[in-house]
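**Q** Please read through the structure below; I'll follow up with questions.
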């Protein structure tokens, strides 16, 4: 597990857990609340490694115990996930039976319930009874997107940690560490709130085509060429469905934001770094207000795209706005 990345992604939560452990103040039950992709499971496994690592100053992430925890094969770490979208009473009872057995290995026992809000009423009540009889070396980690869906009595016996959206810089770092193309990674990270969502963007069949269509339009934009003609020439095979247009507006808006950042001289915020030369040819022809107006039009069309009978006409209107504004800004 990449603990360094986790510390950057959820610094407050990791720091709190480490401090609680150092001060011997760990709660026996935690609720980890946050949207999918905010590294709740990674943090749960980090917690287990923190207690079971072979190294005194752990977790190291490389010892035998840390490796087994990462692969969810450590006998002291029990993970429950929904079966057919539900966590049943029998699953909680199996956990209780397992943890009442004589320990195979010494050390703390940690159980992790993923998507804990999917416990049915019988499962939740069975878990509550387990929580009401805390053991010194047994810890519960309940992962959920919405803590209010858990029983109030379960929440009252737990400490809730809120997991925030992962910074785009962390998503980019993870994508690049896995060998994704730099520009693809930058675009996908900027469009996403989680690493998983960014990978889904890159996995789109037409993802690279969307980027190439966008850059072709803005290169024509820089040259003062008719944008509608350029779009007519380049978009065939790329934009087939309304969803393709929505995705294209996402990518195009990202480039437009880069122009705004360029106008403000916030160069480190630019996503399409390879397009800086093209942007430098566009920026003298546009005021910041014009660039923002064009961006707002893109966002407005995208928000109402399912209302348009003719999506192509909406696209042409955006391109015409951009063309009318050429050579009038400073």
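Numbering (the numbering used here), first residue to last: 628 to 957.
Even glycine gets a Cβ: it sits at the ideal position worked out from N, Cα and C.
In this text, all values refer to a predicted model and were calculated from it rather than measured experimentally.
Do the CB positions of residue 666 and residue 636 come within less than 8 Å of each other?
**A** Closer than 8 Å, so yes.
**Q** Of all the beta strand (DSSP E) runs that stay within the bounds of the stretch 723-794, which reach a length of 3 or more residues?
**A** Correct list: 736-740, 765-771, 786-789.
**Q** Report buried or exposed for residue 686, applying the criterion of at least 16 other Cβ atoms within 10 angstroms of its Cβ.
**A** The residue is buried, with at least 16 neighbouring Cβ atoms inside 10 Å.
**Q** Is residue 754 closer than 8 Å to residue 719 when the C-beta atoms are compared?
**A** Yes; because the gap between Cβ atoms is below 8 Å, this pair is in contact.
**Q** Taking buried to mean at least 16 other C-beta atoms within 10 Å of its own C-beta, is residue 933 buried or exposed?
**A** Flag for residue 933 reads exposed.
**Q** Spatial neighbours of residue 664 within its chain, please: CB distance less than 6 Å, with the 5 preceding and 5 following residues excluded, ordered by chain position.
**A** These residues qualify, in order along the chain: 821, 823.
**Q** Applying the 10 Å Cβ sphere with the 16-neighbour rule, what's the burial state of residue 856?
**A** Exposed: under 16 other Cβ atoms inside 10 Å.
**Q** Can you tell me which of the three DSSP states residue 956 falls into?
**A** Residue placement at residue 956 cannot be trusted, given a pLDDT of 46 that sits under 50; what the coordinates show is reported in the next sentence. Residue 956: coil per DSSP, three-state reduction.
**Q** Find the nearest neighbour of residue 763 within the set 678, 706, 898, judged by alpha-carbon distance.
**A** The option with the nearest alpha carbon to residue 763 is 678.
**Q** Which residues bound the beta strand (DSSP E) around residue 656?
**A** Segment 656-660, the beta strand (DSSP E) holding residue 656.
**Q** Can you grab the Cα-Cα spacing for the pair residue 748 / residue 632, in whole Å?
**A** Going by the C-alpha atoms only, they are around 37 Å apart.
**Q** Name the DSSP beta bridge partners of residue 607, please?
**A** Residue 607 is absent from the model: the chain starts at 628 and stops at 957.
**Q** Residue 742: which of 721, 671, 805 sits nearest, CA to CA?
**A** Of the candidates 721, 671, 805, the one whose C-alpha sits nearest the C-alpha of residue 742 is 671.
**Q** In the DSSP assignment, what residue or residues form a beta bridge with residue 714?
**A** Bridge partners of residue 714: 746.
**Q** When the Cα of residue 660 is compared with those of 684, 770, 705, 728, which residue comes out closest?
**A** Closest option to residue 660, Cα to Cα, is 770.
**Q** Using the beta-carbon count (16 or more within 10 Å), is residue 604 buried or exposed?
**A** Lying outside 628 to 957, the shown extent of the chain, residue 604 is not represented and no answer is given.
**Q** Please report the distance separating the alpha-carbon of residue 923 from that of residue 941.
**A** Whole-angstrom Cα-Cα distance: 14 Å.
**Q** Would residue 701 and residue 695 qualify as a contact pair, given that the criterion is a beta-carbon distance under 8 Å?
**A** Yes, the Cβ-Cβ distance between residue 701 and residue 695 is below 8 Å.
**Q** My guess is that residue 653 and residue 766 are in contact by the Cβ rule of under 8 Å, so how many angstroms apart are they, rounded?
**A** 7 Å between Cβ atoms; contact.
**Q** Looking at residue 859: is its Cβ nearer than 8 Å to the Cβ of residue 840?
**A** No, Cβ-Cβ distance for residue 859 and residue 840 is not below 8 Å.
**Q** Contact defined as beta carbons within less than 8 Å: I believe residue 945 pairs with residue 919. What is the distance between those atoms, to the nearest angstrom?
**A** That pair is no contact at about 14 Å.
**Q** Could you check whether residue 908 and residue 847 sit closer than 8 Å to each other, using their CB atoms as the reference points?
**A** No.
**Q** Could you compute how far the alpha carbon of residue 651 sits from the alpha carbon of residue 643?
**A** Whole-angstrom Cα-Cα distance: 12 Å.
**Q** Using 10 angstroms around the beta-carbon of residue 905, count the other beta-carbons present and answer buried if the total reaches 16, otherwise exposed.
**A** Answer is buried; the Cβ neighbour count reaches 16.
**Q** Pick out whichever of 902, 705, 818, 689 has its Cα sitting closest to the Cα of residue 668.
**A** Nearest C-alpha to residue 668: 705.
**Q** Consult DSSP for residue 668 and reduce its assignment to one of helix, strand or coil.
**A** Helix.
**Q** Relative to the C-alpha of residue 950, which residue among 803, 713, 912, 807 is closest?
**A** Among 803, 713, 912, 807, the Cα nearest to that of residue 950 is on 912.
**Q** Exposed or buried, what is residue 921 when buried is set at 16 or more other beta-carbons lying within 10 Å of its beta-carbon?
**A** The residue is buried, with at least 16 neighbouring Cβ atoms inside 10 Å.
**Q** Does residue 629 have its Cβ less than 8 Å from a Cβ in chain B?
**A** No chain B is part of this structure, which consists of one protein chain only.
**Q** Going by Cα to Cα distance, which pick from 875, 681, 884 is closest to residue 903?
**A** Of the candidates 875, 681, 884, the one whose C-alpha sits nearest the C-alpha of residue 903 is 884.
**Q** For the candidate residues 674, 867, 751, whose alpha-carbon lies nearest to that of residue 703?
**A** Considering only alpha carbons, the answer is 674.
**Q** Whole angstroms are fine: how far does the CA of residue 734 sit from the CA of residue 721?
**A** Rounded to whole angstroms, residue 721 to residue 734 spans 20 Å at the Cα level.
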